[in-house]
Amino acid sequence: MSAARRVQLQENLHAVRSRIAAAAADSGRRPEDITLIAVTKTFPASDVTLLAGLGITDFGENRDQEARKKAAAVPGVRWHFVGRLQRNKARSVASYADVVHSVDRPELIAALERAAASHEKIIEILLQLSLDSDTCRGGVPAERILELARLAQESERLELIGLMAVPPLGSDPDSAYSRCADIHRELLAEHPRATAFSAGMSGDLEIAVRHGATHVRVGTALLGGRPPVLR
Ligand SMILES: *Cc1c(COP(=O)(O)O)cnc(C)c1O
């Protein structure tokens with residue numbers, strides 16, 4: 002493990018924590034009420050170990066195969082699955098994930114419920130809100146959030162903790178997060194324990210914090226640039 006990489010991650014972490022603290026102060030919030038999730042996709046397990054050594058407790062991944070390997074390599078931290086999830090991967094994801102942010106359809110709730118039962122664990126879930134019709138990025142439209150929340154509520158092994166959103170490509174994050182915050186309030190009115198609002202990435206975390214984000218998912222600003230996604 003390179004000492005230089007550790008110093009780089011430490012500096013990046015310091016910068017990201019300062020940004021979160023400043024954004025929290027600006028909106029009269031406490032920085033400790035905002036959980037920083039380090040999104041380590043494409044980066045090696047050694048980076049997870051270094052970040053854990055620097056005090057990060059929560060890690061995010063968006064692909065099952067990669068996530069499963071890293072989770073096995075670095076035990077003792079919390080894993081958040083933040084990517085599109087196929088039903089047939091639910092069992093694998095449930096084996097290591099503590100939290101799934103990308104729940105967006107009834108079949109996935111059913112599959113995760115079965116998977117959580119077979120692993121004899123409780124999984125925390127967030128419903129992923131889609132603000133546009135671009136369903137290839139995942140998410141459920143606002144008008145179906147409450148219906149999905151009611152379904153989640155009925156499951157025994159899934160604990161609905163909140164709402165997650167990725168702003169549509171090219172959208173204005175300020176208006177996108179403002180709309181998400183409105184929908185989060187509607188969700189909270191029926192599900193008072195769904196307090197988590199997972200919003201904000203490297204480029205827009207200040208805006209998300211201003212709109213009430215409780216979880217920011219940060220990759221690039223902590224770990225550096227990623228090669229373009231090939232799918
Ligand atoms: C990759 C990813 C992030 C992190 O994005 P950065 O811009 O690198 O901070 C956050 N959320 C999801 C769902 C992601 O896939």
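Counting with our numbering, you get residues 2 to 232 for the letters of the sequence shown. Glycine residues also receive a C-beta, built at the ideal position from the N, C-alpha and C atoms.
Under the three-pair Cβ rule at 8 angstroms, the segment 7-23 does not count as touching the segment 162-182. The Cβ atoms of residue 66 and residue 104 lie no closer than 8 angstroms to each other.
Exposed is the label assigned to residue 31, since fewer than 16 other Cβ atoms lie within 10 Å of its Cβ.
Within the same chain, Cβ atoms closer than 8 angstroms to the Cβ of residue 82 are found at 61, 62, 63, 65, 68, 94, 98, 100, 101, 102 and 103, the five residues on either side in sequence being excluded. The three-state reading of DSSP puts residue 170 in coil, since its state is none of H, G, I, E or B. Residues 39, 41, 60, 71, 74, 75 and 78 of the same chain have their beta carbon placed closer than 8 angstroms to that of residue 49, with the five preceding and five following residues left out of the count. In this structure, the C-beta of residue 42 approaches ligand 1 to less than 7 angstroms from one of its heavy atoms. When rounded, the separation of the alpha-carbon atoms in residue 157 and residue 121 is 11 angstroms.
Within the chosen limit of 7 angstroms, ligand 1 does not reach the beta carbon of residue 36 with any heavy atom. Of the heavy atoms belonging to ligand 1, at least one sits nearer than 7 angstroms to the Cβ of residue 63.
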